[in-house]
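Quick note on this note's numbering: the sequence shown kicks off at 17 and runs consecutively.
Every residue, glycine too, gets a C-beta built ideally from N, C-alpha and C.
Inspection log for the structure reproduced underneath, given as structure tokens.
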Amino acid sequence: MSFEGIESVNNDFLDLLISRRSIRKFKSKDVPDTYIKTLIEAAHLAPSRANTQPWHFVIIKNQYTRKLLSVAAKNQKVVAEAPLIIGVFSLINTEIIVSKRTEELVNVGTFNNEIKNEADHAFDNLNQSDKEVDPALNASIAATTLMYQAHQLGLGCCWVKLIEDTEVLKILNVPSGYYHAGLLAIGFPDENPKMRPRIDISNLIHFEQFNKMKSKARRLGNTCI
């Protein structure tokens, strides 16, 4: 297999990905509630393991709360100055909801009962630390979807994860049993950063097996961003 000589397909979504930046300076303008609703709707449509949809979103506008979160985030100004913060969280022990979700998948023909049983018991022998991998993945997919929806609406967004998670949980009164995926600082951008450097794609692509046929990947990499 080789991509040599093959042009990329033009599409609006790829252009959206190319133009997105992490924004850390915002205009002093509130984000309309209609925009916030759209952001949450987009995040809620993200895929999740066994369709568990274990995420929760805390919408924060209060200036004092944003200041407290900024301190927890190593005094990053973006958290205090963004007009909107959305905290993204995910239920850790999804075994308490997974059976209902997988039953829905059986009803629509996505799973058969054998796969449902495997999904329902996937975490039975995992320790608590290993169980946190799944909510991290699920919540991160939702957060990423929200970020791109924000960009499509003309908003800027910065994902903040350099932060004391336990402090965030305490400040936002999050009950035990939830994973903190990060804070999304959102607002109308007041900067236009240059594109961040990207690793050459030829160093990231493998054909059929890891570290196989990288010379073909290099030819692809020459045509990419």
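Residue i and residue j closer than 8 Å at C-beta
i	j	result
G125	A159	no
K243	E207	In the structure as shown, the chain starts at 17 and stops at 241, and residue 243 therefore has no counterpart that could be examined.
I101	L200	yes
V47	L220	no
C174	I76	no
Distance between beta carbons of residue j and residue i, contact taken as under 8 Å
i	j	result
N128	S64	With 8 Å as the limit, N128 and S64 do not qualify as a contact, their Cβ atoms being about 20 Å apart.
L33	T161	About 12 Å separates the two Cβ atoms, so there is no contact after all.
Y194	L85	With a Cβ gap of about 16 Å, Y194 and L85 do not count as contacting.
D181	H196	5 Å
Which residues DSSP lists as bridging residue i, in chain order
i	result
S38	C173
G103	V74 and L199
P205	F42
Y194	L107
Extent of the continuous alpha helix (DSSP H) to which residue i belongs
i	result
N67	N67 -> no alpha helix (DSSP H), and no H or E assigned at all.
R117	E111 to N123
Q79	Q79 to A88
V130	In the sequence as displayed, the identity of residue 130 is Glu instead of Val. Per DSSP, E130 belongs to the alpha helix (DSSP H) from N129 to D136.
L220	Per DSSP, L220 belongs to no alpha helix (DSSP H) and is neither H nor E.
Cut-off 6 Å between Cβ atoms - residues of its own chain near residue i, not counting five sequence neighbours on either side
i	result
V114	A66, T68 and D136
K43	F204 and D206
C240	Confidence in C240 is poor, its pLDDT being 39 and thus under 50, which makes the residue's placement unreliable; the coordinate value appears in the next sentence. So the qualifying residues of the chain are I217.
F139	E111 and K147
L121	N67 and F127
A59	A158, T161 and L162
T81	none
R36	H167
Close Cβ partners of residue i (< 7 Å) along its chain, the five nearest in sequence each way excluded
i	result
I56	F73
E280	An answer regarding residue 280 cannot be provided, because it is not within the stretch 17 to 241 covered by the chain.
F226	none
Near the ligand FMN: residue i beta-carbon under 7 Å from a heavy atom
i	result
V114	The ligand FMN is not part of the structure shown, which contains no ligands of any sort.
Close beta carbons around residue i, own chain, < 8 Å, minus the five adjacent residues each side
i	result
E119	K132
I157	A62, P63 and S64
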